[in-house]
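J.: Taking the working numbering, I'd label the letters of the sequence shown as residues 178 to 398. Where a beta carbon is used, it is the ideal one built from N, C-alpha and C, also for glycine.
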Amino acid sequence: MSNFLIIDLVAIQKAEQIFVLDCCLFLLFSRGTSEVSATHFLFTFALPVRLGSSKAIAVMTSQDKDVWELSSDGCYVALTTDHLNVQTLMDRVRSPAAGAIVLFAGTTRDSFAGKTVKELTYTAYNKLALRTMLAITEELSAKHSLKGIAIIHRLGTVPIGEESILIAVSSPHRQAAWRAGEEALEECKSKVEVWKREEFEGEEGVWRANRDGAAGEKVKT
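1) For Q264, which of D250, E360, V279 and L332 has the nearest alpha-carbon?
2) Suppose the cutoff is 6 angstroms on Cβ atoms and the five residues either side in sequence are ignored; what does the same chain contact list for Y253 look like?
3) What residue range is occupied by the uninterrupted beta strand (DSSP E) comprising S348?
4) So, using beta-carbon positions, are F401 and G379 closer together than 8 angstroms?
5) Under three-state DSSP, which class holds W384?
6) Would E381 and V294 be called neighbours here (beta carbons separated by less than 8 angstroms)?
7) Could you name the residues of the same chain whose beta carbon sits closer than 6 angstroms to that of L343, not counting the 5 residues immediately before and after it, in chain order?
8) With distances taken Cα to Cα, identify the nearest neighbour of A275 among H321, Y302, R286 and S288.
9) Look at the alpha carbon of W317 and the alpha carbon of A301, and state the distance between them as a whole number of angstroms.
10) Could you check what DSSP says for A312 in three-state terms: helix, strand or coil?
11) Leaving out five residues on either side along the sequence, give the residues of the same chain with a beta carbon under 6 angstroms from the beta carbon of T258.
12) On a CA-only basis, which of I313, S248, F377 and A386 is nearest G291? Give me that one, please.
13) Do E370 and A306 have their C-beta atoms within less than 8 angstroms of each other?
14) The beta strand (DSSP E) that contains L280, what's its start and end?
15) Within 10 Å of its beta-carbon, does S288 have 16 or more other beta-carbons around it, so buried, or fewer, so exposed?
16) I need the boundaries of the beta strand (DSSP E) containing W355, first residue and last residue.
17) Can you give me the C-alpha to C-alpha distance between L256 and D250, rounded to a whole angstrom?
18) Do we get a CB-CB distance below 8 angstroms when we pair T314 with the residues of chain B?
19) In whole angstroms, what separates the C-alpha of V383 from that of Y299?
20) Going by beta carbon distance, what residues of the same chain come within less than 7 angstroms of T309, once the five residues before and after it are set aside?
21) Quick one: what does DSSP say L266 is sitting in, helix, strand or coil?
22) State the Cα-Cα distance for the pair A277 and R356, rounded to the nearest angstrom.
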């Protein structure tokens, strides 16, 4: 429990928003909330949570943001708040034994379900997200006999047209690289502990799991 902060339920009343997504309860605090430190971060709670009880709840603190990259043999994963660099990631997977490098770049599009999107904002439980990302790369590396695989995901605000995720894969033959790249993306969207907020023109934004169509259920404003 060294990375957790205990907050009395009185603090919940200070939250600007509370919503449920992927079996986690989220509280979003504004700056200046006295009950919590680093209040500009999104805090996540493990369920079950009984809102009617007086029981204190454990939440993630800014300490969970301290880890930004992990690697193992031929595998590299990272989170960043900076712009993503395609060349840097490709260089991570270069190998004289590779006959192909496949690169995928996911970008912020300007619409969702017929609505105009202004921007996306991503947040993550860094330590857990990175461990999940590394496990994905290690599994795919073994499955497809890759020479290298690297994934980097941007956090914070990602404007329209800018990259939110890069995936680079190298292998002796292109077929394996293509397959591994696509599988890496689908596995990341399905499993990695990253969430996004879609900001729409003229209406309130929506938090979603970082996969198509998984909207959060808002329980308080």
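T.: Walking through what the data contain:
1) Position 87 of the sequence shown holds residue 264. Ranking D250, E360, V279 and L332 by Cα distance to Q264 puts V279 first.
2) Here residue 253 refers to the residue found at position 76 when the sequence shown is read from its first residue. If we look at Y253 and ignore the five residues flanking it on each side, its Cβ neighbours are R269 and A327.
3) Working through the sequence shown from its first residue, we reach residue 348 at position 171. It spans E340 to S348 - the beta strand (DSSP E) in which S348 sits, taken as one unbroken run.
4) Any property of residue 401 remains undetermined from this structure, which presents the chain solely from 178 to 398.
5) What you label residue 384 is simply residue 207 of the sequence shown in a count that begins at 1. Correct three-state label for W384: strand.
6) As a working mapping, residue 381 is identified with position 204 in the sequence shown. As a working mapping, residue 294 is identified with position 117 in the sequence shown. No. Outside cutoff.
7) Counting from one through the sequence shown, the residue named residue 343 turns up at place 166. L261, L266, A282 and I329, listed in sequence order.
8) Position 98 of the sequence shown, counted from the first residue, corresponds to residue 275. The residue among H321, Y302, R286 and S288 with its C-alpha nearest the C-alpha of A275 is H321.
9) Taking the first residue of the sequence shown as position 1, residue 317 is located at position 140. Taking the first residue of the sequence shown as position 1, residue 301 is located at position 124. The identity of residue 317 in the sequence shown is Leu, whereas the question assumes Trp. About 22 angstroms.
10) Position 135 of the sequence shown, counting from 1, holds the residue named residue 312. Three-state DSSP puts A312 in a helix.
11) By 1-based counting over the sequence shown, the position of residue 258 is 81. If we look at T258 and ignore the five residues flanking it on each side, its Cβ neighbours are L332 and G333.
12) If you number the sequence shown from 1, residue 291 lands on position 114. Closest option to G291, Cα to Cα, is F377.
13) As a position in the sequence shown, residue 370 is number 193, starting the count at 1. As a position in the sequence shown, residue 306 is number 129, starting the count at 1. Yes, Cβ-Cβ distance for E370 and A306 is below 8 angstroms.
14) Here the question's residue 280 lines up with position 103 in the sequence shown. For L280, the enclosing beta strand (DSSP E) stretches over residues A277 to T284.
15) As a first step, residue 288 must be located in the sequence shown, where it is residue number 111. With fewer than 16 other Cβ atoms within 10 Å, it is exposed.
16) Residue mapping note: residue 355 aligns to position 178 of the sequence shown, counting from 1. W355 -> not in any beta strand (DSSP E); alpha helix (DSSP H) instead, spanning R351 to K368.
17) To locate residue 256, count along the sequence shown from 1; it is residue 79. To locate residue 250, count along the sequence shown from 1; it is residue 73. CA-CA distance, L256 to D250, rounds to 19 angstroms.
18) Of the protein chains in the structure, only one exists, and it is not chain B.
19) The residue given as residue 383 occupies position 206 in the sequence shown. The residue given as residue 299 occupies position 122 in the sequence shown. Distance between the alpha carbons of V383 and Y299: 12 angstroms.
20) Locating residue 309 in the sequence shown gives position 132, where the first residue counts as 1. K368, V369 and E370.
21) Here residue 266 refers to the residue found at position 89 when the sequence shown is read from its first residue. Residue state, collapsed to three classes: helix.
22) Taking the sequence shown and counting its residues from 1, one reaches residue 277 at position 100. Taking the sequence shown and counting its residues from 1, one reaches residue 356 at position 179. Roughly 12 angstroms separates the two Cα atoms.
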